[in-house]
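Structure first, commentary second.
Residue numbers (my numbering), protein chains in the order written: chain A, 48 to 171; chain B, 3 to 150.
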């Protein structure tokens with residue numbers, strides 16, 4: 048599923064990184080705790096979070112996440128957007144809450160990163 | 003103890019400076035990418051270094067990070083002047099945290115930092131003196147056989 052299709056599914060708006068919308072997303076995870084993201088995140092992850100500060104982008108960069116979707120209509124400040132543009136990390140914002148946003152993506156066939164999740168084909 | 007074939011760089015970390023927090027680890031990641039370290043290992047180093055850097059920013063007044071790379075290992079030492087850790091064994095437990103509400107709002111302080119560092123490094127050493135500061139040393143083996 049491409050980031051563009053995800054954008055439509057989640058009624059999201061693009062904050063930055065329009066030119067990355069063709070990126071294929073193969074796994075996703077949602078958390079507001081950056082230490083959890085660092086512990087369980089995998090390269091290529093689509094990160095859903097309610098945390099809009101600089102650390103959301105830093106964390107995404109460190110784990111090599113493909114994109115960030117901020118939930119509940121949240122938007123980061125200019126400094127965070129600037130860093131994301133520098134690091135080539137597209138940022139989107141969805142009006143949906145975390146649960147609904149993750150649920151829709153999971154229903155659309157995008158697996159998570161839980162070690163107990165057998166349907167996680169992204170590990171192959 | 004510096005070897006002829008060793009690259010060494012020291013980075014300063016400022017306590018409470020949340021707008022630059024993580025910048026040193028990003029820089030380290032870029033250095034490792036430039037010299038062609040395998041991606042998997044870069045991730046491990048970057049995650050451990052980022053957690054250690056966040057700890058300095060959150061809990062200390064100031065600190066420094068020393069990156070040393072030689073043909074066998076990548077070593078990161080982080081030394082800070084700050085409140086230190088009273089009970090290291092307790093601090094190493096997942097979920098244990100002394101973080102303030104402000105730190106939690108930053109997305110950290112869930113008691114995962116030190117366990118994350120230990121999990122990602124091949125050798126991990128920590129010493130601390132309450133009221134003085136904390137010293138961390140992490141070693142990552144470039145040779146994968148030695149790492150396992």
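The beta carbon of each residue, even a glycine, is placed where N, CA and C say it ideally should be.
Could one say the Cβ of residue i lies closer than 8 Å to chain B's Cβ atoms, at least one of them?
i: residue 64 of chain A; result: no
i: residue 86 of chain A; result: yes
i: residue 90 of chain A; result: yes
i: residue 171 of chain A; result: Its pLDDT being 40, under 50, residue 171 of chain A is placed unreliably in this model, and the value from its coordinates should be taken loosely. For residue 171 of chain A, the answer is no, since every Cβ of chain B falls outside 8 Å of its Cβ.
i: residue 95 of chain A; result: no
i: residue 105 of chain A; result: yes
i: residue 161 of chain A; result: no
i: residue 167 of chain A; result: At residue 167 of chain A the pLDDT is 45, less than 50, meaning the model places this residue with poor confidence; the figure from the coordinates comes in the next sentence. No, no contact with chain B.
i: residue 81 of chain A; result: yes
Please tell me whether residue i and residue j are closer than 8 Å, where the distance is taken between their beta carbons.
i: residue 75 of chain A; j: residue 50 of chain A; result: no
i: residue 72 of chain A; j: residue 104 of chain A; result: no
i: residue 155 of chain A; j: residue 48 of chain A; result: yes
i: residue 86 of chain B; j: residue 135 of chain B; result: yes
i: residue 62 of chain A; j: residue 121 of chain A; result: no
i: residue 52 of chain B; j: residue 84 of chain B; result: no
i: residue 77 of chain A; j: residue 112 of chain A; result: no
Drop a sphere of 10 angstroms on the beta-carbon of residue i, count the other beta-carbons inside from all chains shown, and report buried for 16 or more, exposed for fewer.
i: residue 99 of chain A; result: buried
i: residue 132 of chain B; result: exposed
i: residue 163 of chain A; result: exposed
i: residue 82 of chain B; result: buried
i: residue 108 of chain A; result: buried
i: residue 90 of chain B; result: exposed
i: residue 9 of chain B; result: exposed
i: residue 84 of chain A; result: buried
i: residue 19 of chain B; result: exposed
i: residue 11 of chain B; result: exposed
i: residue 125 of chain B; result: exposed
i: residue 6 of chain B; result: exposed
i: residue 55 of chain B; result: buried
i: residue 157 of chain A; result: buried
Consider the Cβ of residue i: report whether some Cβ of chain A lies at a distance smaller than 8 Å.
i: residue 114 of chain B; result: yes
i: residue 94 of chain B; result: no
i: residue 45 of chain B; result: yes
i: residue 28 of chain B; result: yes
i: residue 104 of chain B; result: no
i: residue 49 of chain B; result: yes
i: residue 57 of chain B; result: no
i: residue 139 of chain B; result: no
i: residue 60 of chain B; result: no
i: residue 101 of chain B; result: no
i: residue 53 of chain B; result: yes
Pick from the options: whose alpha carbon is nearest that of residue i?
i: residue 57 of chain A; options: A:67, A:150, A:159, A:69; result: A:150
i: residue 93 of chain B; options: B:116, B:104, B:77, B:56; result: B:116
i: residue 179 of chain A; options: A:53, A:97, A:148; result: The question about residue 179 of chain A has no answer here: the residues shown for chain A are numbered 48 through 171.
i: residue 142 of chain A; options: A:127, A:118, A:152; result: A:118
i: residue 129 of chain A; options: B:15, B:6, B:21, B:5; result: B:21
i: residue 111 of chain B; options: B:73, B:99, B:137; result: B:99
i: residue 50 of chain B; options: B:6, B:97, B:69; result: B:69
i: residue 55 of chain A; options: A:126, A:116, A:89, A:87; result: A:116
i: residue 103 of chain B; options: B:60, B:29, B:77; result: B:60
*Can you check the region 109-149 of chain B for any beta strand (DSSP E) of at least 3 residues that lies completely inside it and give the ranges in chain order?*
Runs of the beta strand (DSSP E) inside the region 109-149 of chain B: 125-131, 135-143.
*Got a sec: which bits of the region 122-155 of chain A sit with their beta carbon under 7 Å from any beta carbon on chain E, in order along the chain?*
Absence of chain E from the displayed structure is noted, the protein chains being A and B.
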